[in-house]
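Enquirer: Below is a structure I'd like to ask you about.
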Amino acid sequence: MTVTDLEKRTAPQSTRSAEHVPGLSGLGLFTVLLGAFLSIADYFIVNVALPTIGTELHASPVTLEMVVAGYGLSYALLLVIGGRLGDAFGRRRLFLAGIAAFTVTSLICGVAPDAVTLVVARILQGASAALMVPQVLATIQAATTLQRRSRAIGLYGVTGGIAGVIGQLAGGLLIAANVAGTGWRLIFLVNVPIGLVALLLALKTTPATQSHDPAKVDVRGTILLGLAVLSLLVPLTVGRTLGWPIWTFGLLAAFPVIAVAFVLFERKLEKSGRLPLVPPSLMRVPSMRRGLLLAVPFFTGFGGLMFCFAVAMQSDLRMSPLEAGLTYVPLSIAYLFSSLSAARLVDRFGRTVLTVGSAGTVVGYVIILITALSSWSSLSPLTLAPGMVILGFGQGLVMTPLFRLVLSDVPADRAGAGSGVLITTQQTSLALGVALLGGIFLSLTGVGGPAGRTAFAVVMVAELVVTVVVGIGSRWLPNPAGRSGRVIVTD
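So in numbering that gives the first Met the number 0, spot 132 of the sequence shown is number 131, and the numbers just go up one at a time.
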């Protein structure tokens, strides 16, 4: 099946008039974005709480890494399946199920009596997010039209970035609040009332959409993709802590073999006329292919940045969780401002916005690097603020347009599959960033002193290289300026 074939399959429905489309209201958009916010924030909110969790639950370093990685792995593994199930059974139905499950698993995390229970609950929480989040972009694709869709996808990009930095800020604030002696548990328990509100809002405001030609679940492709992701992320996540036993190298060696087997099977399945988990023809859509090639390094750098900052601020500089969280305030404010402006700027200047955003991000990293090298032992949220402001402003001009661009040419009847692939790439890259850059930092650092400063500098230089690659690569992206997007398909 080619891209043209996919277009033909969606053509009959795409000619429907707007009167037959169940639109997404402003409150409905807020509701689905709230679900996305919760899922992304919970990936990052744990970072500043890890020292406290480790002390209270007597958790080993490997267990603490799994508190973070367990969520990310199950999230990444099941995202594409979540998108496919939404296409088949209805995106509203899957969103409701995901919100409900996320609320319940958050409660279990909050009352976990030991570290093993917390890890298992985090894995289930990630699986719940994988049911919920693909429906967000798919619903936006299927229930909005033309310019409004571009703006809604832009707001999704805003939500993703803000959730990452606010997650770590909120973690510090909630731990410091220590309401009723809950300590770190409040970072999970706070999801319960928010989840219940989101569930009630979704029942009233989320339109029911699904694919008119849903495909069967690609079981073999799902297994191969899961094995590929696990064989890459598991050894990178826990290998350093375990001393790199032989099985970690075996898994890393198996990764390219499994990945090739997955690609070959997906091609064979599509040639037979069936729709695979990740359609190779979808990867030939220019916006999808080129956008994902940039999304991987960008989100890898973002995930590593958030993790390394949290560890450096607390472990090396002895900041409290609250102080570490406050470090992100200037970044989040600047990110919010630039993200909200990004959609209009892209309409006018096109992909140049991403190039300018990458240049601003580089400047931010340079200022942070110089500040850290010159006054490491006295770093504070205030001294880091100038660099964080410029960094946040630049990243807002990259992340928000990137989401819009990747999905701009995806056929509407494959919105679930497309959004699932995009968010899987995002989550896998975030986890990869934690594993690679976090691993480099933890391998080089000591507790305070020059070792920590050197490790931080190495990570910042790596971030600079990644950002330069993204900036240069942005010139090869399809130009989104003035593009109206696809005609929407809903039930």
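Ideal Cβ positions, reconstructed from N, Cα and C, are used throughout, including at glycine. Since the structure is predicted, the reported quantities are computational estimates derived from the model, not experimental observations.
1) If you scan the region 229-304 from start to end, which runs of the alpha helix (DSSP H) of 4 or more residues do you find wholly inside it?
2) Measuring straight from C-alpha to C-alpha, what distance separates Gly109 and Tyr364?
3) Would DSSP call Lys215 helix, strand or coil?
4) Taking C-alpha atoms, which residue in Pro234, Val103, Gly302 and Ser331 lies nearest to Ala430?
5) Just verifying my parser: in three-state terms, what is the DSSP assignment at Gln394?
6) Which complete alpha helix (DSSP H) runs does the region 168-194 hold, if anything under 4 residues is left out?
7) Among Gly156, Ser210 and Leu291, which one has its Cα closest to the Cα of Thr424?
8) Please classify Arg239: is it buried, with 16 or more other beta-carbons within 10 angstroms of its beta-carbon, or exposed?
9) Closer than 7 Å by C-beta to Pro275: which residues in its own chain qualify, once you throw out the five before and the five after it? Chain order, please.
10) What is the DSSP secondary structure of Gly82, reduced to helix, strand or coil?
11) Does the beta-carbon of Trp375 have 16 or more other beta-carbons within 10 angstroms, so that it is buried, or is it exposed?
12) Could you check the C-alpha separation between Phe308 and His211 for me, to the nearest Å?
13) Assign Val405 to one of two classes, buried (16 or more other C-beta atoms within 10 Å of its C-beta) or exposed (fewer than that).
14) In whole angstroms, what is the alpha-carbon distance linking Ala100 and Thr208?
15) Reducing DSSP to helix, strand and coil, say where Val66 ends up.
16) Quick one: grab the DSSP three-state call for Gly451.
17) Using the Cβ count rule (16 or more neighbours within 10 Å means buried), how would you classify Arg273?
18) In whole angstroms, give me the CA-to-CA distance for Gly194 and Val457.
19) Once DSSP output is grouped into helix, strand and coil, what is the label at Leu321?
20) Tell me the start and end of each unbroken alpha helix (DSSP H) in the region 323-404 that is at least 4 residues and wholly inside, in chain order.
21) Quick one: does the C-beta of Tyr70 sit closer than 7 Å to a heavy atom of the ligand MG?
22) Tell me the residue span of the alpha helix (DSSP H) that contains Ala40.
23) Mind listing, in chain order, the continuous alpha helix (DSSP H) runs of no fewer than 4 residues lying wholly within the region 109-152?
24) Hey, is the region 339-356 in contact with the region 176-195, meaning 3+ C-beta pairs nearer than 8 Å?
25) Determine the direct distance from the alpha carbon of Ala87 to that of Leu130, and round the result to whole angstroms.
Expert: Checking against the coordinates, here is how it stands:
1) 245-270 and 279-282
2) 35 Å
3) coil
4) Gly302
5) helix
6) Taking 4 residues as the minimum length, the alpha helix (DSSP H) runs contained wholly in the region 168-194 are 185-188, in order along the chain.
7) Leu291
8) Classification of Arg239: buried, given that the 10 Å Cβ count is 16 or more.
9) Asp217, Gly220, Glu265, Leu268 and Glu269
10) helix
11) buried
12) Taking the straight line from one Cα to the other gives about 45 Å.
13) buried
14) Between the C-alpha atoms of Ala100 and Thr208 there is a straight-line separation of about 21 Å.
15) helix
16) helix
17) exposed
18) The straight-line gap from Cα to Cα measures roughly 39 Å.
19) helix
20) 328-348 and 351-373
21) With respect to the ligand MG, the structure shown offers nothing to examine, as it has no ligands at all.
22) It spans Gly25 to Phe43 - the alpha helix (DSSP H) in which Ala40 sits, taken as one unbroken run.
23) 114-131 and 133-142
24) no
25) The C-alpha of Ala87 is placed about 13 Å away from the C-alpha of Leu130.
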